[in-house]
């Protein structure tokens with residue numbers, strides 16, 4: 001079933017940055033872009049706003065908590081306002097109810113769902129520093145909005161500032177394109193490990209100039225987000241020590257090991273220790289190779305990152 005077509009909650013005040021840093025999550029828009037560009041499946045719930053986005057294999061399938069589906073159906077004269085109350089009382093999702101009654105077609109429902117998703121994204125794009133939770137993907141009945149990630153990414157690039165803590169890598173570009181001098185100054189420092197802030201320092205350009213160049217390179221498909229945001233999904237657990245396994249001699253690795261409890265994800269741990277994402281993965285890979293930790297969640301993401309480190 002689609003999410004319930006409930007009344008829209010009042011918009012609460014925007015969350016402060018200190019709260020977000022305490023949670024140790026990657027920024028909302030970077031995480032959503034990561035899910036889309038890597039064709040992952042998750043449910044993303046925006047805390048405090050009551051808004052939920054449903055992502056499957058990189059496509060935005062549905063949104064709830066902002067624009068009511070019933071409002072959209074009425075706006076397009078697909079249904080009459082008097083039909084909404086009986087539909088809600090049926091216990092079915094609104095779209096499936098009207099499909100079953102043959103009041104709307106699958107194409108009409110998909111158009112309404114797409115408008116619902118786009119209006120929700122447009123509302124969210126006016127805000128930054130959004131706290132969120134990630135949940136397992138849900139299977140929704142057909143049809144869904146099925147909005148391709150490329151459309152969402154284009155919107156995001158134009159309206160959201162780029163996070164200085166993000167890391168980009170060269171993409172497997174299939175076609176040639178010409179870069180200007182400024183873009184080349186940025187491109188030559190992107191190696192899949194440097195954060196955007198370090199690229200700014202190395203390039204000698206202003207942050208705004210680098211951000212503009214990054215946007216252009218992303219639109220051309222010359223660069224992409226690295227898999228380092230996958231650290232958000234990896235949960236390690238310490239293994240017992242024995243005569244063949246000893247605590248790491250490296251102070252930072254030893255401190256990292258002490259924070260591993262089998263519940264926190266790696267991104268949370270690196271936030272507490274104030275480590276860069278690439279340094280975090282190097283430490284985690286070392287602990288895993290030495291048999292000091294095992295991965296209890298996010299094995300696929302861990303294996304993907306191990307190919308890099």
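Numbering (full-length UniProt numbering), first residue to last: 1 to 309.
Note that beta-carbon positions come from the ideal geometry of N, C-alpha and C, so glycine has one too.
Tell me the rounded alpha-carbon separation between residue i and residue j.
i	j	result
residue 234	residue 109	37 Å
residue 245	residue 215	46 Å
residue 204	residue 189	11 Å
residue 85	residue 60	28 Å
residue 305	residue 134	20 Å
residue 116	residue 107	14 Å
residue 268	residue 275	10 Å
residue 129	residue 56	23 Å
residue 136	residue 159	28 Å
residue 301	residue 92	36 Å
residue 308	residue 74	51 Å
residue 272	residue 255	11 Å
residue 147	residue 81	27 Å
residue 29	residue 243	46 Å
residue 262	residue 143	39 Å
Is the Cβ-Cβ distance between residue i and residue j less than 8 Å?
i	j	result
residue 87	residue 97	yes
residue 78	residue 51	no
residue 228	residue 167	yes
residue 165	residue 197	yes
residue 266	residue 236	yes
residue 58	residue 37	yes
residue 31	residue 299	no
residue 294	residue 239	yes
residue 211	residue 162	yes
residue 113	residue 89	no
residue 66	residue 119	yes
residue 213	residue 194	no
residue 278	residue 132	no
Let me know the secondary structure DSSP gives residue i once reduced to three states.
i	result
residue 174	coil
residue 66	coil
residue 238	strand
residue 224	strand
residue 133	strand
residue 16	In this predicted model, residue 16 has a pLDDT of only 32, less than 50, meaning its place in the structure is not dependable enough to derive any value.
residue 39	coil
residue 244	coil
residue 93	coil
residue 303	helix
Report buried or exposed for residue i, applying the criterion of at least 16 other Cβ atoms within 10 angstroms of its Cβ.
i	result
residue 102	exposed
residue 251	exposed
residue 178	exposed
residue 42	buried
residue 140	buried
residue 175	exposed
residue 296	exposed
residue 124	buried
residue 224	buried
residue 21	Legend: pLDDT at residue 21 = 36, less than 50; position of this residue unreliable, value from coordinates given subsequently. Label assigned to residue 21: exposed.
With respect to the beta strand (DSSP E) encompassing residue i, which residues constitute its N-terminal and C-terminal limits?
i	result
residue 179	Careful: residue 179 lies outside any beta strand (DSSP E) and carries neither H nor E.
residue 55	51 to 56
residue 294	293 to 297
Just reading off the alpha helix (DSSP H) that residue i is part of, what are its end residues?
i	result
residue 189	Counting along the chain, residue 189 falls outside any alpha helix (DSSP H), and DSSP gives it neither H nor E.
residue 285	277 to 289
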